[in-house]
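Colleague: Sending over a structure as structure tokens; questions will come in a sec.
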Amino acid sequence: MEEHKSRLGYTFFMLTFFLCGSIIFLIGFYPASYSFSAEKENSIPSDRPKVLHGLKLEPPPPSYDSFILLVIDALREDFPNATTMPVAYERACEKLSLHVDIPTVTMPRLKSITTGTLSNFIDIALNVGHTEQLDDSLLHRLKKQNRVATFAGDHTWIQLFPTEFTRHRANNDSFYVNDFYDGDKRVTESLNLELKRTDWTLMVLHYLGLDHIGHVESHASPKIIPKLNEMDEVVKRIVEYKNLTNYLLMLTGDHGMADGGGHGGNTPQETAVPLYLYSKNCSQSKSSSKLHRYNQIDLTPTLSILLSVEIPTMSIGCLIPEMLQSLSKEQQLYAYFYNAHHLMNRARVRLGHDQVHNTDYYGWYQEATQKHKQVILEEIESSSLVNYETAKLNYIRVAEKISVLLSESLIKFDYGFIALGLGLTTTASLHLLLSVLFLDITDQLQLNNVRALQLLISIGASLVFLVIGHLMNIIMTSSMLYSVLLIVPLSIAFYLGLDIVRALVKISLPPSSFPRLYSPRRLKLSLPLPKILFLCYAIRTFTLGSSSFIEYEYRTWYYLGNTLILLTALRTLRRRITKANVELDGRHLSKIASACLWQHRRIFVVLLLLILMRYVYRLHVIKSTLMIFSLFILWARLRKYSQSAQSVATAVGFAIIYAFRGLNGQVQFINISEFLASRLVVPTVLAFWICFALVLVLGYREALPQTNPPPHWTRSFVLQQLMQTNLVCSLMVSALLYNVRNIVLLPTLLITLNETYKLCDAFATSSSSHKFSVRLVHVYKIMMTIFVARMFYFYQGNSNSLSTIDLTPGYIGQSSYNPVIVGLFVTIHTYGAEIHSFLYLIIHTLRTSDLRGVGIMQMKPAYSTAADSLVVPLYATLIVLPVAFYLCLMVGFRYHLFIYSVFSPKVLYDCYTVLVFYIVFLMTSLYLKLFKNYKPEILHNLS
Amino acid sequence: MVLSRFDQQKTKHQLFHVSLSLATILICMAYMQYRRNWEHLGSFWDSLIVPIVFIGELLKVLLAHFYGRIEDGVLTAKQRQKKAAYFTPREILGGLTLQFLCTLLYAFICIILGAPVLGNYEQTFVLSLLMTLLTVSPTVFLLGGGGALQVCFCEKPEFVTKCEDTALNLFKYNALGGILGAWAGSVVAPLDWGRDWQVYPIPNVIGALLGSALGNIYACTHVLYATVRMYMSKKRG
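From first to last, the protein sequence lines stand for chains A and B. Per full-length UniProt numbering, the first sequence starts with residue 1, numbered consecutively. Per full-length UniProt numbering, the second sequence starts with residue 1, numbered consecutively.
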């Protein structure tokens, strides 16, 4: 039968194309390197200017003997104050504030500090794991002069500068966030060692403890203040060290810390960091009330001047006047001149000579150099003071102007890749949509079989396109291989596009126009599209166009999800009451109504629970009780799916989870010494994994084909058993990974889905056509699943800002940083709700075949067979469509003010959602495929 | 044929009804304009919106009664019986209970859809009162509590007179518009405009009023369209 044909293979290909397309899009939208522009940058002279209008200039010598850059990870602006860091606060010569650019994660920030350029947004993805080495930075310049730079702290520095430091002692494991103290102790040790030596010019110290505390315990953790005190001790140690005579200590943070402890976003807490300066015999700060604000990239040129090295080529920062006070007036003027000169050169390269010469800042620059010349000629006199000030001010405003211009012009898009990616994603999602909407007539529309001729045509078309592109210099690739590789996505996009166009023509043409070529009757939708559902879905999709709606996306989901559940509940109730009332004709109506209400009391409980979930973060006080309670409920729920042995193992597993949290001190537990507790953590987690394996093995052994299967062992029954085991296992892992207060979400999710499905079943009997009414139920359930899953995704504390990704679950039971395991755990934790909902939907679909009394059992076509022909493809379509729409929006918004702060994190989240769905889909369809031929075998055995 | 279907009394009733609704909402708008500051919209004692809407709905019911007098002579036994029972304490009590329960239900819905649970009780109460007034109350005033329930849950109750049926049809537009308007009003809540009228219940109250106005305008166009078609066919004839 046609409608039972499995569409898994087709869906698999479409999803793969979509993912490839989105990856291509991301590559185009966030070009990972500036290499194509770097060639031109080489023309910028890297030496310091020695001549000004024929006058010889002398670059100033290093102003201090030793420079110490003390970076405290995630030191936000309000952390250092008179109580938390008394020495650091009292003895600072200057207190400044730095503005940090997004993305506020460590690696891009270090790049900014050392090279003085803004970083690419995609660096955030590279922050974990791969790091490219830099070509040019302060440290490269220092090394060229054979001066000694030493380093201790975060490993990222060594990845960025493997050979530039003369000595380094990096932490082995910067990403292991449970390490609060050991790494910092090592940094302080190496500080003590280095202080005894005197050969170094620059010492960089990078303390990670504060950031780790924030990640694990949030910004309000009681451990923060002791940590700040520890940092204060470090400052005190340096400041009071006797042998250091002429030093400059800079205390700063690489990025701030959001409320909640993470970082990566764009809130003021994350983007403002302090910069405190210390040196011997400085004029103590006049305790000015208002902090001067500079950019983090301004640190690079200023440090270059002070260190007496060349400004790194890529630098686009201005100078920080407060840091230049140790220089003489002439030297200061030279510094301003040098930076303005450097920026002028950069602007010439970037924006073109002629354009620069017509601007007002070029005029300012000319004026400044003239005055500068006069200052040098006149020596120090009264009239030259005026000239001096004019020159300085002009230099400063030139630098500021060009700095802003350059940072705006850094945005580069690779339109070829963007167009290709968009083409692929859009065609794949539209193709998927058409084939799902016209489920029964895909053969007529010829959507799901490959035709050789069309394939040849599209390959030819893409070849021609590429050749023309090459000839007209629109497409540029570095090697032949890349252009050959480009043919693949291009021809796929062409092929799918042709398919879509033909299908649309067929659908829209009047039936009788070409009776020979096309089908004689009008093509109808094979799916019912309930208005309300699709209204909500459309609202959810189109509100992606507003930055506020993205920032507060959880509100949209709560609102729409609850509206849908409520409306379905009210409609079901009304239908039940009306039905019960038909023969009574209005008598005892209130009694009937209250009886029906009582029958459906559970849905109101669910609604109440959903209200409660909004406040789940406030249930801090009763978290131990809540955890026991929710684990118990979860266990009771899961008992339905498992045999006694399995449920015992599950129970033990849950008990171990509680013990684990108890050992960590997050819930009430028997009192044992801290030492013992820290020793017991790893064995506890190990015991949990043993329980997990037990549940898995027991479940599979029970379900896998036996020699003599009982008669009710149909394909869907075995599948259902296996999927249930998978769900139980995945729930167990989530229970381990979830935050203590979030565990209550797991049983609530199951209850909510269960009750909503019951509500949806009521639609089955209403419609006239059987096939249509079964599909209506499917559509309702799929839509509800998507909405409920998203609601729970946000209940958990997720958002569209990168700072809310919780990294702690990645390190449970781990003693070191293992990127694969951390990635896996964080993904399971973050997308738990979506994974479970999808699995639950599939299980429910398979299960309904043995649910009696709902009225679905007797239906033809059978309900459960729709799992692979309708449910999975439709679910995939509904997941993919908004993402495709959003990618198109991104192109429109590419110059939007919030593109990097609001829209970009969202696009990463969206693409990752599709990826996670893709993986879950692959696993599920593997099972569905493996047991495809199970049923005939059994029938054969029986006969 | 068309002529016989066209009912002059009914059209008059409909037009009066719709203009009453629109007038009520206009008065509300004028009042809001007069007060300038909209912060009071959520308070019970300080805002006149609820009383104005209440009076408007009462007037509509009175209008229905006025037009209903004409057909008093052709009532069936059941309808007569219903009419007689209108002012009995049982019916009045039932009606009040029903409205009270509806207010509670609306408050529950408000909270489900995101109204704060701990606090803003007065605002939630005002909003749900307004919603009750726009949706359930007119039907209850017209038919009593039991009657309203039956209209809601039965196919087509026999006791409803022709004129009441007209009014009920129009109430439906009013109610649907009000609900949709209040629902859609929340759209401004997440926007970062920082206006003081973005505070909960104000957009929802205004949305409910505007929604019911739109519903009435929609109903009005229907009535006018039917009238115009009648006149055209008359001319042609």
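Glycine included, each C-beta is placed from N, C-alpha and C at the ideal position.
Which residues, in order along the region 142–155 of chain B, keep a beta-carbon less than 8 Å from a beta-carbon of chain A?
Modeller: Result list: Gly146, Leu149, Gln150, Cys152, Phe153, Cys154, Glu155.
Colleague: Rounding to the nearest angstrom, what Cα-Cα distance links Phe600/A and Ala593/A in this structure?
Modeller: Taking the first sequence and counting its residues from 1, the one referred to as residue 600/A is at position 600. Taking the first sequence and counting its residues from 1, the one referred to as residue 593/A is at position 593. Checking the sequence, you will find His at residue 600/A rather than Phe. Taking the straight line joining both Cα atoms gives about 11 Å.
Colleague: Between which two residues does the alpha helix (DSSP H) carrying Ile111/B extend?
Modeller: The residue given as residue 111/B occupies position 111 in the second sequence. Segment 89–112, the alpha helix (DSSP H) holding Ile111/B.
Colleague: Would you check if the distance between the CB atom of Asp101/A and the CB atom of Gln269/A is smaller than 8 Å?
Modeller: Residue mapping note: residue 101/A aligns to position 101 of the first sequence, counting from 1. Residue mapping note: residue 269/A aligns to position 269 of the first sequence, counting from 1. No.
Colleague: What residues in its chain sit with their C-beta under 8 Å from that of Leu686/A, if we drop five residues either side in the sequence?
Modeller: Stepping through the first sequence from its first residue, residue 686/A is reached at position 686. Here the set comprises Gly813.
Colleague: Can you confirm whether Phe549/A, when its beta carbon is compared against all beta carbons of chain B, has any partner nearer than 8 Å?
Modeller: Here residue 549/A refers to the residue found at position 549 when the first sequence is read from its first residue. Interface residue, yes.
Colleague: Tell me, to the nearest whole angstrom, how far the beta carbon of Phe153/B is from that of Ile603/A; I am working on the premise that it is less than 8 Å.
Modeller: Stepping through the second sequence from its first residue, residue 153/B is reached at position 153. Stepping through the first sequence from its first residue, residue 603/A is reached at position 603. Their Cβ separation, rounded to whole angstroms, is 18 Å, which puts Phe153/B and Ile603/A out of contact at 8 Å.
Colleague: Cβ closer than 7 Å: which chain B residues qualify as neighbours of Ser590/A?
Modeller: In the first sequence, residue 590/A corresponds to position 590, counting from 1. Simply Leu149.
Colleague: On the DSSP letters alone, give me the boundaries of the beta strand (DSSP E) that Ile565/A sits inside.
Modeller: Here residue 565/A corresponds to residue number 565 of the first sequence, with the count starting at 1. Careful: Ile565/A lies outside any beta strand (DSSP E), inside the alpha helix (DSSP H) at 553–581.
Colleague: Counting only beta-carbon atoms, is Ile611/A nearer than 8 Å to chain B?
Modeller: Locating residue 611/A in the first sequence gives position 611, counting from the first residue. Yes, because at least one Cβ of chain B sits closer than 8 Å to the Cβ of Ile611/A.
Colleague: Express the C-alpha separation of Phe717/A and Leu939/A in angstroms, rounding to a whole number.
Modeller: Taking the first sequence and counting its residues from 1, the one referred to as residue 939/A is at position 939. Taking the first sequence and counting its residues from 1, the one referred to as residue 717/A is at position 717. Because Leu939/A sits at a pLDDT of 44, beneath the cut-off of 50, its placement in the model cannot be relied upon, and the point is left open.
Colleague: For the alpha helix (DSSP H) containing Asn754/A, name the first residue and the last one.
Modeller: Mapped onto the first sequence, residue 754/A falls at position 754. From DSSP, the alpha helix (DSSP H) with Asn754/A extends over 745–761.
Colleague: For the alpha helix (DSSP H) holding His353/A, just list the boundary residues, first then last.
Modeller: On the first sequence, residue 353/A is found 353 positions in, with the first residue counted as 1. Note, His353/A: alpha helix (DSSP H), 353–357.
Colleague: Please list, in chain order, all residues of the same chain as Leu881/A whose beta carbon is under 6 Å from its beta carbon, the five residues on each side excluded.
Modeller: If you number the first sequence from 1, residue 881/A lands on position 881. Cβ within range, chain order: Ser429.
Colleague: Can you grab the Cα-Cα spacing for the pair Ala77/B / Met232/B, in whole Å?
Modeller: Along the second sequence, one-based indexing puts residue 77/B at 77. Along the second sequence, one-based indexing puts residue 232/B at 232. The alpha-carbon atoms of Ala77/B and Met232/B are separated by roughly 39 Å.
Colleague: With 9 Å as the C-beta to C-beta threshold (strictly closer), list the residues of the region 551–569 of chain A near chain B in chain order.
Modeller: So the close ones are Glu551, Tyr552, Glu553, Arg555, Thr556, Tyr558, Tyr559, Asn562, Thr563, Ile565, Leu566.
Colleague: Less than 7 Å between C-beta atoms, sequence neighbours within five positions excluded: which residues of the same chain meet that for Ser174/A?
Modeller: One-based indexing of the first sequence puts residue 174/A at position 174. Cβ within range, chain order: Asp154, His155, Thr156, Leu208.
Colleague: So, is Asp72/B buried or exposed, given that buried needs 16 or more other C-beta atoms within 10 angstroms?
Modeller: Residue 72/B sits at position 72 when you count from the first residue of the second sequence. With fewer than 16 other Cβ atoms within 10 Å, it is exposed.
Colleague: Please name the residue, chosen from Gln159/A, Ile238/A, Val204/A, that lies closest to Lys196/A on a Cα-to-Cα basis.
Modeller: Walking along the first sequence from the start, residue 196/A turns up at place 196. Cα-wise, what sits closest to Lys196/A is Ile238/A.
Colleague: Can you tell me which of the three DSSP states Pro86/A falls into?
Modeller: Within the first sequence, the letter at position 86 stands for residue 86/A. Reduced to three states, the DSSP call for Pro86/A is helix.
Colleague: Does the contact criterion of 3 or more C-beta pairs under 8 Å hold for the region 79–98 of chain A versus the region 333–343 of chain A?
Modeller: Too few Cβ pairs lie closer than 8 Å, so no.
Colleague: The region 610–631 of chain A: which residues have C-beta closer than 9 Å to a C-beta of chain B, in chain order?
Modeller: Residues Leu610, Ile611, Leu612, Arg614, Tyr615.
Colleague: With a floor of 4 residues, list each alpha helix (DSSP H) that falls wholly inside the region 66–91 of chain B, ordered by position along the chain.
Modeller: Fully enclosed alpha helix (DSSP H) runs of 4 or longer: 77–84.
Colleague: Could you check whether the Cβ of Gly114/B sits closer than 8 Å to any Cβ belonging to chain A?
Modeller: Taking the second sequence and counting its residues from 1, one reaches residue 114/B at position 114. Gly114/B counts as touching chain A.
Colleague: Counting pairs of Cβ atoms below 8 Å between the region 799–809 of chain A and the region 666–682 of chain A, do you hit three or more?
Modeller: No, they do not touch.
Colleague: Could you give the DSSP three-state label for Thr150/A: helix, strand or coil?
Modeller: As a position in the first sequence, residue 150/A is number 150, starting the count at 1. In this structure, Thr150/A counts as strand in the three-state DSSP scheme.
Colleague: Any chance you could list the beta strand (DSSP E) runs of at least 3 consecutive residues sitting entirely within the region 286–328 of chain A, in chain order?
Modeller: The region 286–328 of chain A contains these whole beta strand (DSSP E) runs: 292–295.
Colleague: Output the distance between the C-alpha atoms of Thr114/A and Pro312/A, rounded to the nearest integer angstrom.
Modeller: For the purposes of this step, residue 114/A is taken as residue 114 along the first sequence, with counting starting at 1. For the purposes of this step, residue 312/A is taken as residue 312 along the first sequence, with counting starting at 1. Distance between the alpha carbons of Thr114/A and Pro312/A is about 8 Å.
Colleague: Would you mind stating whether residue 950/A and Ala347/A have Cβ atoms separated by less than 8 Å?
Modeller: Shown here, chain A extends from 1 to 943; a query on residue 950/A therefore has no answer.
Colleague: Mind checking His17/B: buried by the 16 CB within 10 Å criterion, or exposed?
Modeller: To locate residue 17/B, count along the second sequence from 1; it is residue 17. Per the 10 Å Cβ criterion, buried.
Colleague: Tell me, please, which residues DSSP counts as bridged to Thr252/A.
Modeller: Residue 252/A sits at position 252 when you count from the first residue of the first sequence. Beta-bridge pairing links Thr252/A to Val71/A, Leu275/A.
Colleague: Taking only beta-carbon atoms, is Pro138/B less than 8 Å away from chain A?
Modeller: Position 138 of the second sequence, counting from 1, holds the residue named residue 138/B. No, because no Cβ of chain A sits closer than 8 Å to the Cβ of Pro138/B.
Colleague: With three or more C-beta pairs closer than 8 Å as the rule, is the region 112–129 of chain B touching the region 157–176 of chain B?
Modeller: With a cut-off of 8 Å, the region 112–129 of chain B and the region 157–176 of chain B do not count as touching, because too few Cβ pairs lie within range.
Colleague: Can you tell me whether DSSP reads Arg141/A as helix, strand or coil?
Modeller: Residue mapping note: residue 141/A aligns to position 141 of the first sequence, counting from 1. In the structure shown, Arg141/A sits in a helix (DSSP, three-state: H, G or I).
Colleague: Mind pulling the chain A residues with CB within less than 8 Å of Arg128/B?
Modeller: Position 128 of the second sequence, counted from the first residue, corresponds to residue 128/B. Note on identity: in this sequence residue 128/B is Ser, with Arg being the wrong assignment. Under the 8 Å cutoff, chain A gives no residues; its nearest Cβ is about 14 Å from Ser128/B.
Colleague: So, does the CB of Leu191/B fall closer than 8 Å to a CB anywhere in chain A?
Modeller: Counting from one through the second sequence, the residue named residue 191/B turns up at place 191. For Leu191/B, the answer is yes, since a Cβ of chain A falls inside 8 Å of its Cβ.
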